[in-house]
Every structure is written in C-alpha cells, then in structure tokens.
Amino acid sequence: MTDIVAPMPIVLADRPTHSLAAERAFSGVVLSTGVVVLGLLSAIIVMLAVGAWPAFKTFGLPFFWNPVWDSVNDIYGAGVMVYGTLLSSAIALLIAVPLAIGVAFFLTELIPDSFRKPIGVVIQLLAAIPSIIYGMWGFFVLAPLLAAHFILDVADLFAHVPGLNKVFDYGSGNSVFTAGLVLAAMILPLITAMFVEILSATPVVLKESVYGLGATRFEVIRYVAVPYGRRAMIGAVMLGLGRALGETMAVTFVIGNATRLSPNIFAQGSTIASTIANEFSEAGFGSMKLAALLGLGLTLFIISFIVLAASRKLVAPRVVS
Amino acid sequence: MASALASRRKATNLVVGILATGAAVLALAVLASILWTLLARGLPALRWGILTTSMAPTGENGGLANAIVGSLIQDGIGMLIAMPIGVLAGTYLAEYARGSKLGEVTRFVSDILLSAPSILVGLFVYEIMVATTKTYSGIAGAVALAVIAIPIIIRTTEDMLSLVPIALREAAAALGAPKWKVVTLIAWRAAGAGMLTGILLALARVAGETAPLLFTSLGNLNWSTSLAKPMASLPVAIYQMASSPYEDLVQIAWAGALLITVGVLVINILAQLTVGRRR
C-alpha cells in the first residue's frame, strides 16, 4: 500500500495569495470535468431523442411495441427487436446464472486457496476478450455444432407436445437461442467474478460457526453465504443482464437478423443492437429509417438504464472490465 | 434416523460438489474451445504480409496494415482525450465530492456510462460529429472510444485515490500544503500505479470495441491516416471480413482476431502486474 516512503524535497507550503488562486483554479477544473461527465449522459439521451423524433412523430407510442419493420414501405416498429433482445438475454441468464453459481461454489469452497488467485486472473482475462471474438466463435464453431447435433434432436423431441413444439420448432444454427448461448458464454466470467467476490466476503466467523455445528460445505454456502450476499448477487445478475441486453457484436454474428416475430427460439431473429449494427449502412442521412434506428437506440437505452439503475441500487460489486 | 439424515445431507453435499465441478469443467471447456479456435484458425493465417499490406478484395492477398494503424491512431487519440477527463473527474469524486449531492449524481451517471451499451455511444457520436459534418471520420471514432474509456478511468481513479490513507493527506496538510498540492503531490503519487492500471484496462477495453466504430470511423479499405476521412480499424475490419463469404478474407479475419486478442490480453496482464506490485 504505502510505497511512498522516500522523502520528497518539495516545498508544500506556498505564499498564501498564490496558493488561493491555484487552489480555486484546481478545484474549478476538477469540478468542471465532473460536470462534463454529468452532461455526457444527458447529451446522449437528448441526441438520441432528437434524432429519433421523426419516427416517434410518425408512428407514435406504438413504435415501442409494433412488430412491423418494413424498409420497403418505410413503416417501423421496435416490437420484434425488443422481443429478441429480452428473449436472448433471458436465455443467456437462464444458462449463465446457474453455471456461475456452480463455478463460484467450486472456486470458493472446493479448491485449495493457492489455486484461487491464478484462476481469478484467468476469469478476469476471459472477461476481457473482445465481444467480437465471442461472436466469431459462435458463428464458426457453436452455430454449426448446434445445427448438426442439437436443434433437430430437440425439435424432434418436442414435435408432438402441443405448445412446446412451437417454442422448440425446427430452425437453423443461427438463431435467438444461439445468440443466448453466446451471450451466456460472454457474461459467465463477469457474473462468476462478482459471485466469487460476494461469496468470499462472507465473514469467516459466520461460516466457521456453522461448520462448527456440523454443516456441510453446501449447507454453509446455501444457508450462510448466499443469504448474506443475496442483494449483491441479484445486483450482479442485473449487471450481467445489462451487458447482455446491449451487446452488439457477439449477437449480430449468430442471430440471423430476421425481422419477423416467432415464438420459436430456434428461428432467426434480431435484437435492438444487432438491427442497428446491421441496417445502419442502409439508412441515409435524414431518412426515416435512420430516425427509426435512433428510436431503437433510445429504446435500448431506456431498458438498459432501468436494469443498470436497479443493479446499482442492489449494490453489485464495482467491477471495471 | 439421525444417521439416515446425516447420510442424506452428505449425499446432497456430494451431488452439489459434483455439479459445481461439472459447471467449472464446462466453463473451462468453453474457454478452451474459444482459445483453441483462435489459435487453430488464426496462427496458420498469420503471415508477414498481414502486417505490411493494406486490406484488399478477395483473391488479392491483402493484409490488415491499414486497419492496425487506424486502430492505433484512434485508440491513441481516444486515450489522450479520455485520460485527463477521466483522471480529473475521478479526482473530483474522490477528493472534492465526498458527501455532496452533485458528486452523488456524477458517480451514478459515471456508473451508468460504464455499463451502457457501447453501440449507443456510437449512435451519439454519429449524431454530433458525423450527421453534422456529413462525413464519417477517424476523429469521430476516436471521440467515441474516449467516451467509452472515460467512465473506466473515473472508476479506477476514484477507487485508487480512496485507498490512499487519510493520514498521508493530513500529514501534508499539517505542513501547510494547500489542498491542490495534497491531491497532486501526495494522493496522485501514492495512487499512481493503481491509476495507471485503470488507464491500461480502459485501453484494453477500447482496443476491442467494434460497435461504436461502425457509425463513426466506418472503416476504410484503403490506406488512410487522415482524421477527417473514414478510417479503418482492426475490429471493424475483422467484422467485415468475417461476415464475407470468401474463405481467404475469413482467414485474414481470424489472423486479425488472434492479433487483437493477444494485444488485449497482454495489456490486461500488464495492468494486473502494475496492481500486483502494489499489493
């Protein structure tokens, strides 16, 4: 911590008048950068809203749920993309959260202390891999694998179950489900790192006293560590959700970018971010399509803002990458 | 009775342990698959020409030189913009905003920016810099990357400054140092390594960002170092080539993917080492 023991031959005290001016200047600069950052978020909201205004004016409030995205007739609604965004993120959480709990349990309770640090570093490095790499892996490795060995079998399995046969219908390797899987792989290191931090923050005295009563490792986690960190764990999941909702590259590669609504999770779909990335080049300056894409952006902002604000309320551990 | 219960609890413990180990093995397998794919497809595609020739259409044996240089320029300028703003705003939060309402709001906003989807930052910079000038430009890409780096630097700067013992500040203040000197000469020095880590982490994050560059610097097939024109970048080049139907371009994309991952991981390891030295 304190590696500044060397004496510093610096004149700390100045003549009072100079000092006062310098003091005011420095605190003024520091304060104004804070205000700049504050203004940044408002500027993002305002610019998105201003750019999206023509779309909101034409399509009204139904823009947010209308499932029609028709570039030919210039009629746009965010319904399909909102659905795809929420569905792919939900699939990602359903897969990543149980896995993260398992891995966190493994890392905090089942392995010797000396392994913990290197594995923590590996998790951190995993979280740092650019999302486009996850997207390429999903497109070139995972999607063909699912198409060959998974989707047909599952669809066969549910073919005669009413209801479920609509959800698990025949489809392709590039689908909302594949996007969910890639997102799960991407947020798993992030959520795991936070879970490990939360679980190891449980006071040792609490855990030892329950071990003293004869509890097993699982019971200590289940009845002591998890209840102790429950709020923070939910916050961590929300933070992972926030990451999944807005992810662009990992999803754009594998979701197929189809703009029609389907209950089938093996069908091609699109998310807000993938649609913006995919269709932006077709939208000219000042076109209605551009306004609609900015409207999608504002929609994504609102959804993420709610999730991130909730995560912060629940005090997720502060992570950087 | 008691022993039946005990053995059931032990069995539960065992099953959960096995499931947890299975989860860890699965996570490791995914990681291994990603890294293996990167190496297996990226290494054979790496050749000297990737670094020396610019991008070219399929069949013309192009490289990534213009994209690599474009990335270096945009990352560099982006970090130059982000560093002073991030460090000063982080200093504001740690040293001047304790308990103030404005500081509380700024911290909240910075946290939201930290996790906000990066594609929205791209749209924002498109609106203020591209739509107004009617041209995609390298400088717009750099600004978008700066907006992404700023909250990361703010967060680490604030965290590292709050780790500096109060006693150090009090000692300097007792010698008659004004607050700005306490901050710049004492707190910044003590927290220096940690703040550097934050800057490196921000660089690593920014270097792999694709989405915010799609609508700002756009990408460019030709060699161009003009900040006023569309500029190529490694992530966007990878995206364009990987989604093309031509096998030779896809191979170059994998080489680029390997380069960028190695770059990002090396910066991250450097960042970890800077922290490690302190702890």
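Those sequence lines, one after another, are chains A and B.
Going letter by letter, the first sequence gives residues 1 to 321 in this note's numbering.
Going letter by letter, the second sequence gives residues 1001 to 1279 in this note's numbering.
Cβ atoms here follow ideal geometry from the backbone N, Cα and C, with glycine treated the same way.
Counting along the chain, residue 102 of chain A sits inside the alpha helix (DSSP H) bounded by residues 79-105. Taking a Cβ-Cβ threshold of 7 Å, the residues of chain A close to residue 1111 of chain B are 312, in chain order.
Against chain B, the CB of residue 163 of chain A has no partner CB under 7 Å away; the residue lies outside that interface. Only residues of its own chain outside the window of five on either side were considered, and among them 1055, 1064, 1067, 1219, 1256 have a CB closer than 7 Å to the CB of residue 1237 of chain B, listed in chain order. Apart from sequence neighbours up to five positions away, the residues of its chain that approach residue 132 of chain A with a beta-carbon distance below 6 Å are 249, ordered along the chain.
In the three-state scheme derived from DSSP, where H, G and I count as helix and E and B as strand, residue 111 of chain A is classed as coil. Judged by their CB atoms, residue 1202 of chain B and residue 1269 of chain B are not nearer to each other than the 7 Å cut-off. Close to chain A, meaning a Cβ-Cβ distance shorter than 8 Å, are the following residues of the segment 1134-1161 of chain B: 1134, 1147, 1150, 1151, 1152, 1154, 1155, 1156, 1159. Close to residue 1074 of chain B, with beta-carbon spacing below 7 Å, lies no residue of chain A; the smallest spacing is near 15 Å.
The alpha-carbon of residue 1139 of chain B is positioned some 22 Å away from that of residue 130 of chain A.
A contact is defined here as three or more CB-CB pairs under 8 Å, and the segment 115-126 of chain A fails this definition with respect to the segment 225-241 of chain A.
For residue 107 of chain A, the closest of A/87, A/279, A/198 by C-alpha to C-alpha distance is A/198.
Taking residue 1107 of chain B as reference, the option from A/63, A/110, A/34, A/275 with the minimal CA-CA separation is A/34.
Shown here for residue 240 of chain A: same chain residues with a beta carbon closer than 6 Å to its own, the five before and five after excluded, namely 187, 190, 191 in chain order.
Secondary structure note for residue 268 of chain A: it is in no alpha helix (DSSP H), with a DSSP letter that is neither H nor E. In the structure shown, the three-state DSSP call for residue 151 of chain A is helix. By the neighbour-count criterion, in which 16 or more other beta carbons inside 10 Å mark a residue as buried, residue 1215 of chain B falls on the buried side. What residue 196 of chain A touches in chain B, judged by beta-carbon distance under 7 Å, is nothing: the nearest beta carbon there is about 12 Å away. For residue 129 of chain A, a Cβ of chain B is located within less than 7 Å of the residue's own Cβ.
DSSP lists A/70 as the bridge partner or partners of residue 75 of chain A.
Ranked by Cα distance from residue 110 of chain A, the first of B/1102, B/1021, B/1252, B/1051 is B/1021. Along the segment 175-189 of chain A, the positions whose C-beta sits under 7 Å from a C-beta of chain B are 185, 188, read in chain order. Listed as beta-bridge partners of residue 238 of chain A by DSSP are no residues whatsoever. Here DSSP, grouped into helix, strand and coil, assigns residue 246 of chain A to helix. Taking a beta-carbon distance threshold of 7 Å, residue 23 of chain A counts as an interface residue toward chain B.
Taken atom to atom, the span from the alpha-carbon of residue 288 of chain A to that of residue 53 of chain A is near 10 Å. Under DSSP, residue 1218 of chain B forms a beta bridge with B/1231. Taking 7 Å as the threshold, the shortest C-beta distance from residue 132 of chain A to chain B falls below it. Along the length of the segment 1095-1179 of chain B, whole beta strand (DSSP E) runs at least 3 residues long do not occur. Put simply, the CB of residue 69 of chain A is far from chain B, with every gap to its CB atoms at 7 Å or more. Apart from sequence neighbours up to five positions away, the residues of its chain that approach residue 1090 of chain B with a beta-carbon distance below 6 Å are 1154, 1157, 1158, ordered along the chain.
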